[in-house]
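Those letters in the sequence shown? Residues 1261 to 1552, per the working numbering, in order.
Note that CB positions come from ideal geometry on N, CA and C, so glycine has one too.
A short write-up of the structure that comes next.
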Amino acid sequence: MDNEFATPYYAVCLDTSTLRDDIMYRVMTEKVIELAAEQDGFLYSEWAIEEGSKLAFYWREKSQAEAWMSHTMMTRTLSIGSQFWFDRYSLKLVEVCKEKVVLNPQSWRDNARFPAIKTPRGVLKLLDLDDVGLLKAYVNEQRDHLAAWEPLRTEEFYTEDTCRLRIKEMRRDFIEDRGCVLCLLDPKQERMLAYSNYSQFVRGVSQSCFLGYSLAQDLQGQGYMQECLKAGIEYVSNELNIDRIQACYIPRNQKSAAVLARLNFEKEGMARNYLKINGQWEDHVLTALTLR
């Protein structure tokens, strides 16, 4: 929030106890924030989530804040939350009497907090919300091509709303040191070419993660997947201090096996009925790249 609003203005503040179902609460809260932004008098929102959640909606007029406190969607969310997500919550109406906004001219936006890495034939980056159209185009264009190698997807997966939520989750996971999704775009950043997901970061004695990836069908056999993963592995190793990367593939997926072999991943075993892919439990070859 870089704007300074005339005071007084008003906040509806929601604090919850420890969350039991973090993922579903996040999805519902995203929807509530989007709805709030459509209401008259909405200024902005702030949201912090760790064990519990702190969420604030800011409004121009007191009457608008009071109306949001009793809005049907807010009431419904709190009712569901009390049953499934948290044991206790507090809802407060707060008057903002004085505010001081300080903007650092050398902000993190200028210091590349989120990765954007030039590769020989593109840009490898963590997507932002302006890229939602690129992600939507990719998942829809590659839908049939990737179906044999991915879990079953509902129609909702291919919508712009889901793509927007996915990008928000990617960025939140990066900030919270849970994972790093890097997508390869063409040099003009007008098309998404490949996807790589370094997930389930484990720190401490492990310093490891899991890797998943995909590539546009028309780019198969041209080295794009290796280009994407080579740059991504270098980034998560050098910048994020991950030195063991685990990946797996279905035994019949020889293209995936070849990509990992060229990147020096070593086979470590076979996991029987490991993942449910395209509706069927599939065996997977387990591999790992150790950079220690």
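Answer with buried or exposed for residue 1461, where buried requires no fewer than 16 other C-beta atoms within 10 angstroms of its C-beta. Residue 1461 sits buried, since 16 or more C-beta atoms from the chains shown fall within 10 Å of its C-beta.
Simplified DSSP state of residue 1352, which is helix, strand or coil: Taken through DSSP and simplified to helix, strand or coil, residue 1352 comes out as strand.
Quick one: what's got a C-beta closer than 6 angstroms to residue 1445's C-beta in the same chain, skipping five residues either side? Taking C-beta separations shorter than 6 angstroms and ignoring five residues to either side along the sequence, the partners of residue 1445 in its chain run 1382, 1383, 1452, following chain order.
Write down the C-beta distance between residue 1352 and residue 1273 rounded to the nearest angstrom, noting that I regard them as a contact closer than 8 angstroms. Residue 1352 to residue 1273, Cβ: 4 angstroms. Contact.
Based on Cα-Cα distance, which residue from 1546, 1517, 1541, 1302 lies nearest to residue 1530? Here the closest residue by C-alpha is 1546.
Beta bridge counterpart(s) of residue 1504 as assigned by DSSP: Assignment of beta-bridge partners to residue 1504 by DSSP yields 1468, 1550.
Helix, strand or coil: which one does DSSP assign to residue 1543? DSSP, reduced to helix, strand and coil, places residue 1543 within a strand of the structure shown.
Could you check how far apart the C-beta atoms of residue 1523 and residue 1489 are, in whole angstroms? I think they sit under 8 angstroms. About 6 angstroms separates the two Cβ atoms, so the contact holds.
Leaving out the 5 sequence neighbours to the left and right, which residues in its chain are closer than 8 angstroms to residue 1374 when beta-carbon positions are compared? Hits under 8 angstroms: 1385, 1386, 1388, 1431, 1434.
Determine the DSSP secondary structure at residue 1408, reduced to helix, strand or coil. It is coil, neither helix nor strand.
Hey, is the stretch 1392-1405 in contact with the stretch 1506-1513, meaning 3+ C-beta pairs nearer than 8 angstroms? Three or more Cβ pairs closer than 8 angstroms define a contact, and the stretch 1392-1405 falls short of that threshold against the stretch 1506-1513.
Spatial distance of residue 1492 from residue 1360 (CA atoms): The straight-line gap from Cα to Cα measures roughly 40 angstroms.
By Cβ distance, which residues of its chain are closer than 6 angstroms to residue 1277, with the 5 residues on each side in sequence left out? So the qualifying residues of the chain are 1312, 1346, 1347, 1348.
Under 8 angstroms by Cβ, that's how I've got residue 1457 and residue 1439 pegged, so tell me the actual separation to the nearest angstrom. With 8 angstroms as the limit, residue 1457 and residue 1439 qualify as a contact, their Cβ atoms being about 7 angstroms apart.
Could you check what DSSP says for residue 1443 in three-state terms: helix, strand or coil? Looking at residue 1443 - three-state DSSP - the assignment turns out to be strand.
Between which residues of its own chain and residue 1293 is the CB-CB distance below 6 angstroms, once the five residues before and five after are set aside? Cβ neighbours of residue 1293 beyond the five flanking positions: 1305.
In its own chain, which residues sit with a C-beta less than 7 angstroms from the C-beta of residue 1268, not counting the 5 before and 5 after it? The residues are 1355, 1356, 1357.
Beta-carbon within less than 6 angstroms of residue 1506's beta-carbon, same chain only, minus the 5 sequence neighbours each way: which residues are those? If you ignore the 5 residues before and after residue 1506, its C-beta comes within less than 6 angstroms of the C-beta of 1470, 1548, all in its own chain and listed in chain order.
Around the Cβ of residue 1515, are there at least 16 other Cβ atoms within 10 angstroms (buried) or fewer (exposed)? By the C-beta density criterion, residue 1515 is exposed, having fewer than 16 other C-beta atoms within 10 angstroms.
Run through the DSSP bridge pairs and tell me what residue 1457 is partnered with. The partner list for residue 1457 (beta bridge, DSSP) reads 1441, 1472.
Local Cβ density within 10 Å of residue 1324, reported as buried at 16 or more and exposed below that: Under a 10 Å Cβ-count criterion, residue 1324 is classified as buried, with 16 or more other Cβ atoms of the shown protein chains found around its own Cβ.
Is residue 1485 near residue 1519, with beta carbons less than 7 angstroms apart? Cβ distance < 7 angstroms, so residue 1485 and residue 1519 count as in contact.
Is residue 1281 helix, strand or coil when you go by DSSP? Correct three-state label for residue 1281: coil.
Give every residue of the same chain whose Cβ lies closer than 8 angstroms to the Cβ of residue 1344, excluding the five residues on either side of it in the sequence, and list them in chain order. The answer, listed in chain order, is 1280, 1281, 1284.
Quick one: what does DSSP say residue 1488 is sitting in, helix, strand or coil? In the displayed model, residue 1488 falls within a helix according to three-state DSSP.
Taking the CB atoms as reference points, tell me whether residue 1290 and residue 1425 lie closer together than 7 angstroms. It is a contact, given that the beta carbons lie within the stated cut-off.
Measuring alpha carbon to alpha carbon, tell me which of 1552, 1543, 1539 ends up nearest residue 1413. The residue with the shortest Cα to Cα distance from residue 1413 is 1539.
Let's see if you can read the secondary structure: which residues bound the beta strand (DSSP E) around residue 1377? Looking at the DSSP string, the run of the beta strand (DSSP E) that includes residue 1377 is 1376-1379.
Report all residues from its chain with a CB closer than 6 angstroms to the CB of residue 1423; omit the five preceding and five following residues, and keep chain order. Same-chain partners within the cutoff: 1392, 1395, 1396.
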